[in-house]
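Novice: Shown below is the structure under consideration.
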Amino acid sequence: MKKIFTLLCITTFMLTSCSNDDDTDFDTIGQSFEVDNVDFRPDIDGFIAVNIPFPAGVEVFDADVVLVYRLEEVFEGNDVWEPLPTPLIIEAGGELTYRFNFTINDVDILMDTPDFNLVPPRYTDNQVFRIVIVPSRFAQDSKIDFSDINAVQSALKLDF
12 MKKIFTLLCI
22 TTFMLTSCSN
32 DDDTDFDTIG
42 QSFEVDNVDF
52 RPDIDGFIAV
62 NIPFPAGVEV
72 FDADVVLVYR
82 LEEVFEGNDV
92 WEPLPTPLII
102 EAGGELTYRF
112 NFTINDVDIL
122 MDTPDFNLVP
132 PRYTDNQVFR
142 IVIVPSRFAQ
152 DSKIDFSDIN
162 AVQSALKLDF
């Protein structure tokens with residue numbers, strides 16, 4: 012009886028110690044990239060948008076979620092990222108909203124403003140955006156604050 016009990020204990024220990032519960036989820040692989048020198052100009056119909064195709068090697072699936080952040084400023088050497096959509100009231104009484112939409116091939120970043128002439132160049136020229144592709148399973152199951160780019164990148168183990 013002691014031999015059976017010992018064998019049962021050893022088998023149980025081996026089965027539980029071989030568990031791979033290291034909280035690593037290999038099917039949750041996020042991707043991100045930056046786009047700089049983005050300039051906004053109204054087209055002939057007054058529509059203000061920039062189309063950004065996903066780079067080669069970046070694969071987006073139908074169920075994935077895309078997040079876009081705008082570099083608002085650099086403070087003490089650290090990038091300050093602001094999630095889109097972002098409504099802003101600007102000097103000279105102007106207002107604008109950065110927003111976006113996406114497909115599995117690209118992202119459109121749009122600028123909505125009632126009067127483009129009231130928007131200073133610091134909001135229209137040389138903008139920098141970070142685009143993060145979040146796998147659908149992660150987006151559904153996660154309790155991450157998607158408005159915080161650092162939390163998103165940390166949860167997806169993205170380095171920048």
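In our numbering, the protein residues as written are 12 to 171.
Think of the CB as a built atom: it goes at the ideal place given N, C-alpha and C, for glycine as much as any other residue.
Bear in mind the structure is a predicted one, so any value in this text is a computation, not a measurement.
Got a sec, what are the start and stop residues for the beta strand (DSSP E) P64 sits in?
Specialist: Here residue 64 is taken as the residue at index 53 of the sequence shown, counted from 1. Looking at the DSSP string, the run of the beta strand (DSSP E) that includes P64 is A60 to P64.
Novice: Expressed to the nearest angstrom, what Euclidean distance is found between the alpha-carbon atoms of G68 and V139?
Specialist: Counting from 1 along the sequence shown, the entry for residue 68 is found at position 57. Counting from 1 along the sequence shown, the entry for residue 139 is found at position 128. C-alpha separation (whole angstroms): 21 Å.
Novice: I need the boundaries of the alpha helix (DSSP H) containing R133, first residue and last residue.
Specialist: Here the question's residue 133 lines up with position 122 in the sequence shown. Run containing R133: P132 to T135, per the alpha helix (DSSP H) assignment.
Novice: Cα-Cα, which of D136, T135, G104 and F44 is closest to V71?
Specialist: Here the question's residue 71 lines up with position 60 in the sequence shown. Ranking the options by Cα distance to V71, first place goes to F44.
Novice: Is it buried or exposed for F86, if we count other Cβ within 10 angstroms and need 16 for buried?
Specialist: Position 75 of the sequence shown, counted from the start, is the residue given in the question as residue 86. Exposed, since its Cβ has fewer than 16 Cβ neighbours within 10 Å.
Novice: In three-state terms, what does DSSP make of E102?
Specialist: Here the question's residue 102 lines up with position 91 in the sequence shown. In this structure, E102 counts as helix in the three-state DSSP scheme.
Novice: Less than 9 Å separating the beta-carbons of I101 and Y80?
Specialist: Residue 101 sits at position 90 when you count from the first residue of the sequence shown. Residue 80 sits at position 69 when you count from the first residue of the sequence shown. Going by C-beta atoms, I101 is not nearer than 9 Å to Y80.
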